[in-house]
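Numbering-wise, this note's numbering puts 24 at position 21 of the sequence shown, and it's gapless, one number per residue.
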Amino acid sequence: MPLYEYECAVCSGIFEVILDLDGPSPSCPNCGGDECRKLIGAPAVHIKADQATRRIEKRVKDYLLDGKVKDAVRFADKASSMVKSDKVKQIADKLHQKSGK
Ligand SMILES: [Zn+2]
């Protein structure tokens, strides 16, 4: 059975499932949402970086909303070392300015 990658429209989580092509769409393991989009047919690497960036942005925003600037900075630093994306680096740089470091 092939392995499929899905993105949840509700929480932007990405997960992999093994399923039958004719079977029903899977639900998101994170939030249980069933509006999941199959991530097949586009250049996988590009999509992954793109989605990773979006997830990172969201996470950073969540931290900032909670007033956890330090956590946001730490997370963005870690993320920018893992995801080779200019956007993520910009986010990390901006956070450093914001936190005054
Ligand atoms: Zn979800």
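Don't be surprised by glycine CBs; every beta carbon is placed ideally from N, CA and C.
Boundaries (first-last residue) of the beta strand (DSSP E) holding residue i
{"i": "K41", "result": "39 to 41"}
{"i": "C34", "result": "Run containing C34: none; DSSP gives neither H nor E here."}
{"i": "V20", "result": "17 to 21"}
Where the alpha helix (DSSP H) through residue i begins and ends
{"i": "V76", "result": "72 to 85"}
{"i": "V91", "result": "89 to 101"}
Buried versus exposed call for residue i [16 or more other C-beta atoms within 10 Å across all chains shown]
{"i": "A79", "result": "buried"}
{"i": "E10", "result": "buried"}
{"i": "I94", "result": "buried"}
Own chain, CB closer than 7 Å to residue i, minus 5 neighbours either side, in chain order
{"i": "R62", "result": "F78"}
{"i": "Y66", "result": "D74, A75, F78"}
Close-in-space but distant-in-sequence residues of the same chain around residue i (CB under 6 Å, 5 per side omitted)
{"i": "L98", "result": "A75, V76, A79"}
{"i": "N33", "result": "C14, G16"}
{"i": "R58", "result": "S15"}
{"i": "E19", "result": "L6, E8"}
Integer Cβ distance of residue i from residue j, believed to fall under 8 Å
{"i": "V91", "j": "A82", "result": "5 Å"}
Residues near residue i in its chain [Cβ-Cβ closer than 8 Å; skip 5 each side]
{"i": "A12", "result": "G36, E38, C39, R40"}
CB contact below 8 Å: residue i versus chain C
{"i": "G70", "result": "No chain C is present in this structure, which holds just one protein chain."}
Shell residues, 6 Å Cβ cut-off relative to heavy atoms of ligand 1: That query returns the following residues: C11, V13, C14, G16, C31, N33, C34, G36.
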